[in-house]
Amino acid sequence: MPTRSTRTLMAGMFLAGLIYGLFALSTGRYNDPFVWLAIYIEIVLIVASLTRKPPTKLDLVFLTIIIMTYTMAAVMLGFLSEVAIMAIGGIMLYVGIMTEPKFPLTKRAIITGLVVGLIYTFLGIYLALKVGVVYIVGAEMLGAIALSAWGRYTKEENTIVVAISNSSAMISVSILFNVPAIAIFAPEIAPDLLTYPFIVAITALSVVFGLLLLVPMRERFEDEPWPQVRPQAETIISMGLDKTAKRTVLIGVAASAAWVGATKIAEGSNPGSLMAVPNMFKSIIPAAAAIPEWIGITNSPLLASIGFFVGWKRAIVIFVGSIASILIWIFLEGALPITYEQHLKRAEILYLSIGVFVSVMASDVVASRKKKSKPEEFEETVDTPSIESEEEKSEGIAIETPHIASEVSRLKRVEGVLFSIEAMREEMRAMATNPRAYLRDSRGQLPIWVTFISLTLYAIVGILMFWIFPIFPNLHIHWSMFVIGTPLVVISAYFTARAICETGMLAGYISDMVAIPAVLMLRLTFQSITVFMSMLETLQVAAIALLVHLKLGRFTGVRGRDIAKAVSIGMVLSTFVGSLMIYAIYVTYGFGGSEFPSPAAQLFGFIVLSLQGIGNLEIPGANQFPGMPPELVFLYLILFSVAGFIAGRELGKRDMSPMSFVVGVLIPPATAVAMLFGAYIDYRVKKQDGFQPDPAGYEITSSPLRKKMSRTLSGIVAGEAIIVAIWVIWSAIILFV
Numbered sequence: 004m005p006t007r008s009t010r011t012l013m014a015g016m017f018l019a020g021l022i023y024g025l026f027a028l029s030t031g032r033y034n035d036p037f038v039w040l041a042i043y044i045e046i047v048l049i050v051a052s053l054t055r056k057p058p059t060k061l062d063l064v065f066l067t068i069i070i071m072t073y074t075m076a077a078v079m080l081g082f083l084s085e086v087a088i089m090a091i092g093g094i095m096l097y098v099g100i101m102t103e104p105k106f107p108l109t110k111r112a113i114i115t116g117l118v119v120g121l122i123y124t125f126l127g128i129y130l131a132l133k134v135g136v137v138y139i140v141g142a143e144m145l146g147a148i149a150l151s152a153w154g155r156y157t158k159e160e161n162t163i164v165v166a167i168s169n170s171s172a173m174i175s176v177s178i179l180f181n182v183p184a185i186a187i188f189a190p191e192i193a194p195d196l197l198t199y200p201f202i203v204a205i206t207a208l209s210v211v212f213g214l215l216l217l218v219p220m221r222e223r224f225e226d227e228p229w230p231q232v233r234p235q236a237e238t239i240i241s242m243g244l245d246k247t248a249k250r251t252v253l254i255g256v257a258a259s260a261a262w263v264g265a266t267k268i269a270e271g272s273n274p275g276s277l278m279a280v281p282n283m284f285k286s287i288i289p290a291a292a293a294i295p296e297w298i299g300i301t302n303s304p305l306l307a308s309i310g311f312f313v314g315w316k317r318a319i320v321i322f323v324g325s326i327a328s329i330l331i332w333i334f335l336e337g338a339l340p341i342t343y344e345q346h347l348k349r350a351e352i353l354y355l356s357i358g359v360f361v362s363v364m365a366s367d368v369v370a371s372r373k374k375k376s377k378p379e380e381f382e383e384t385v386d387t388p389s390i391e392s393e394e395e396k397s398e399g400i401a402i403e404t405p406h407i408a409s410e411v412s413r414l415k416r417v418e419g420v421l422f423s424i425e426a427m428r429e430e431m432r433a434m435a436t437n438p439r440a441y442l443r444d445s446r447g448q449l450p451i452w453v454t455f456i457s458l459t460l461y462a463i464v465g466i467l468m469f470w471i472f473p474i475f476p477n478l479h480i481h482w483s484m485f486v487i488g489t490p491l492v493v494i495s496a497y498f499t500a501r502a503i504c505e506t507g508m509l510a511g512y513i514s515d516m517v518a519i520p521a522v523l524m525l526r527l528t529f530q531s532i533t534v535f536m537s538m539l540e541t542l543q544v545a546a547i548a549l550l551v552h553l554k555l556g557r558f559t560g561v562r563g564r565d566i567a568k569a570v571s572i573g574m575v576l577s578t579f580v581g582s583l584m585i586y587a588i589y590v591t592y593g594f595g596g597s598e599f600p601s602p603a604a605q606l607f608g609f610i611v612l613s614l615q616g617i618g619n620l621e622i623p624g625a626n627q628f629p630g631m632p633p634e635l636v637f638l639y640l641i642l643f644s645v646a647g648f649i650a651g652r653e654l655g656k657r658d659m660s661p662m663s664f665v666v667g668v669l670i671p672p673a674t675a676v677a678m679l680f681g682a683y684i685d686y687r688v689k690k691q692d693g694f695q696p697d698p699a700g701y702e703i704t705s706s707p708l709r710k711k712m713s714r715t716l717s718g719i720v721a722g723e724a725i726i727v728a729i730w731v732i733w734s735a736i737i738l739f740v
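Using the working numbering, read the sequence shown as starting at 4 and increasing by one per residue.
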């Protein structure tokens, strides 16, 4: 039960919200119904915080419905403002303080998860815009430090912390794969479209309907190695046993924060960028001004540390890609001190990247075919006599007798009964009457029709918001995009989940293929395609975020429903706070420059523009070569794609990452050079440990030296993320004030 002082403090905060709402009315916003509703909500919250008992589960359901209805209505009607957001936050604050959650979803776990989530959400956004490769590492370490400082450490509460923070980061990053392309390739409409309400709207729509997308299929992934989740679970379990771990992480945090903080203060006192060497010495050495700030070494402990987590092989491939970028700058651009935006728009760079990208897709198709066996191969495998023991034979392949033809019609009738509307109604009634009992009886397994209902509602709401009643300027998404793209996202999410549980890599291509008919046949605008693809990406990432953390919960002993609640909290954090961070970076620095080059969005935007050019019978990038015959331009640019394809194929043959090469081509070379420092540390540690990959498919992290380096560098990553997040948000506040 909250104390009287806590209730009084809450009432004072809601009173401040009420005063601000009345102030908003005094400025002439009488015609905004959501300001009036916000004032009413603040009054109710003041009374409830002083007089009401802690909310029951029914109250929580009612408040959740109010939040969702109020938010969606404000977005769809174009009234989402700071007053409305403050009212929504007030309800969430009331719920967070007044409720008495049970272990492991305790208040300290939720608060710690929100704090760590703020850090790692910004870290994910920063890396997505800066490098295009996101490695969210160390959340479990910061969580362990905070929980230990707050009381006794438990692995279950730390699992909740990780689920909140990582889910928030994953959702915010998914928005950045495509949306920055609008600012880069359509700058004339970006200021009106890329607003805070817009980012909140597309994020909320995707996470609400994407959360349960893969839950009915989760048993299909249970026996996979999960190379990304297992080491994290090991760390969560072992952090409670190692007393030196917290000190090691804190040393990294303090060192990184001190270095980056001093750099930012120096930049503020002496105007000029200190982001890269040698450009930072241009005031002392005039010749250094001739070298762009994206050439050299980035002054970033975070990026240097990321090289360790990427691995020395990937970091070297990234560096080789940056060498290709530098050669284009030297020989094709004359080594002029141009901006990174100008350099990255060279057609040669983008054609080279597309060639590598095609090689990756081709290798995935070939690999998937190799996994399939022909019928005769299957028969040969089954008929081969076994030489194993009797116990091992008992676990072999069992082949049932095929059904005879006369049974087919009966089986079809049985199938019809099983999937009948009546059975569906019974399940819906059971879920609505007693959700906990239903989940207990079904062992947490949801029926597959939940997926299709979720997608149907997503398509209906999307058509209403973006086609029938378009609420954002210069954005009109045709209804056929939702009809075509929504079913495909299930397939894309399934194979993306398959990739992440087998290899640990997040890679999906099927949903991106929706862009091809959208551009060639529907002739939609660039911003319409970009926004729709971004929503599909976020939809499937929301589903994968829940799936990943459900598996993490199985490893650490946390129930699925507690994981689902934690992931939902993380998604709320990313929807409102993560969107604010993205918007703050956009209005402060912009997208596509040397500070935040947005390589993934650059590549996506060029692909869409290329498809639009093909649809208009134009050669993409030909406008950069005026006076040259189109045939020669085509042959010249295709040579770069062929070179990229060959490079990607050869890297794949040598068990190296072709996509890392693309990353190196698209990020500033100074960033790639900085990553070599962490890569060298990774190489030395592995060499000293005699590193061998684990047969299950994930890296062995039991080496004391590797654990120490991993914790120190995780602290360095978190330290810079904290300082840069504070700096960017403070700069945005100053800009608005």
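Beta carbons: idealized from backbone N, C-alpha and C, even for Gly.
Three-way DSSP call (helix, strand, coil) for residue i in this model
| i | result |
| --- | --- |
| ILE2 | Here the chain comprises residues numbered 4 to 740, so residue 2 is not present and cannot be evaluated. |
| ALA186 | helix |
| TRP733 | helix |
| ALA567 | helix |
| VAL492 | helix |
| ILE300 | strand |
| ALA279 | strand |
| GLU191 | coil |
| VAL134 | coil |
| HIS479 | coil |
| SER706 | coil |
| LYS316 | helix |
Contacts around residue i, its chain only, beta-carbon distance under 7 Å, and the 5 residues preceding and following it disregarded
| i | result |
| --- | --- |
| LYS711 | THR251 |
| PHE643 | GLU351, TYR354, LEU355 and GLY358 |
| VAL320 | LEU654, MET659, SER660, SER663, PHE664 and GLY667 |
| SER151 | LYS249 |
| GLY616 | ILE622 and PRO623 |
| GLY146 | THR115, VAL119, ASN161, VAL164 and VAL165 |
| ILE91 | ILE70, TYR73 and THR74 |
Sequence-distant residues of its chain with Cβ nearer than 8 Å to residue i (five each side left out)
| i | result |
| --- | --- |
| VAL98 | PRO58, LEU63 and LEU66 |
| VAL453 | LEU215, VAL218 and PRO219 |
| THR72 | none |
Beta-carbon proximity list for residue i, same chain, < 6 Å, skipping 5 on both sides
| i | result |
| --- | --- |
| GLY213 | LEU542, ALA545 and ALA546 |
| GLU598 | TYR592 |
| THR533 | ASN181, ALA184 and ILE185 |
| ILE719 | GLY255, SER259, PRO304 and SER308 |
Alpha carbon of residue i to alpha carbon of residue j, nearest angstrom
| i | j | result |
| --- | --- | --- |
| GLY141 | SER717 | 5 Å |
| VAL164 | ALA257 | 22 Å |
| LEU83 | ALA292 | 45 Å |
| ALA569 | ILE167 | 5 Å |
| THR206 | GLN530 | 16 Å |
| VAL3 | GLY81 | Absent from the model: residue 3. The displayed extent of the chain is 4 to 740, so no value can be given. |
| THR9 | ILE294 | 57 Å |
| ILE451 | TYR497 | 13 Å |
| ILE113 | ARG55 | 23 Å |
| GLN691 | GLU723 | 28 Å |
| TRP733 | VAL134 | 23 Å |
| GLY60 | ILE572 | According to the sequence provided, residue 60 is Lys. The question's Gly does not apply to it. The alpha-carbon atoms of LYS60 and ILE572 are separated by roughly 16 Å. |
| SER362 | ALA172 | 29 Å |
| LEU612 | LEU527 | 11 Å |
| HIS346 | GLY299 | 15 Å |
(message) Quick check: the region 303-312 against the region 715-735, are at least 3 beta-carbon pairs closer than 8 Å?
(response) yes
(message) Count Cβ pairs between the region 603-620 and the region 311-322 that sit closer than 8 Å; are there 3 or more?
(response) no
(request) Give a yes or no on contact between the region 469-481 and the region 193-203, applying the rule of three or more CB pairs nearer than 8 Å. (result) yes
(message) Closer than 8 Å is the cut-off here; do at least three beta carbon pairs connect the region 279-292 with the region 654-665?
(response) no
(message) If contact is defined by three or more beta carbon pairs under 8 Å, each pair taking one atom from either stretch, is the region 86-101 in contact with the region 550-569?
(response) no
(request) Taking 8 Å as the threshold, find out whether the region 40-59 comes into contact with the region 9-22 through three or more Cβ pairs. (result) Contact holds: three or more Cβ-Cβ distances are below 8 Å.
(request) List in chain order: all unbroken alpha helix (DSSP H) runs of 4+ residues lying wholly within the region 13-69. (result) Secondary structure in the region 13-69: the alpha helix (DSSP H) runs of 4 residues or longer, each lying completely within the stretch, are 36-54 in chain order.
(request) Please list the segments of the alpha helix (DSSP H) lying wholly inside the region 589-636, counting only runs of 4 or more residues, in order along the chain. (result) 602-618
(message) With three or more C-beta pairs closer than 8 Å as the rule, is the region 559-567 touching the region 575-584?
(response) no
(request) Only counting runs of 3 or more residues, tell me where the beta strand (DSSP E) segments fall wholly within the region 82-167, in order along the chain. (result) none
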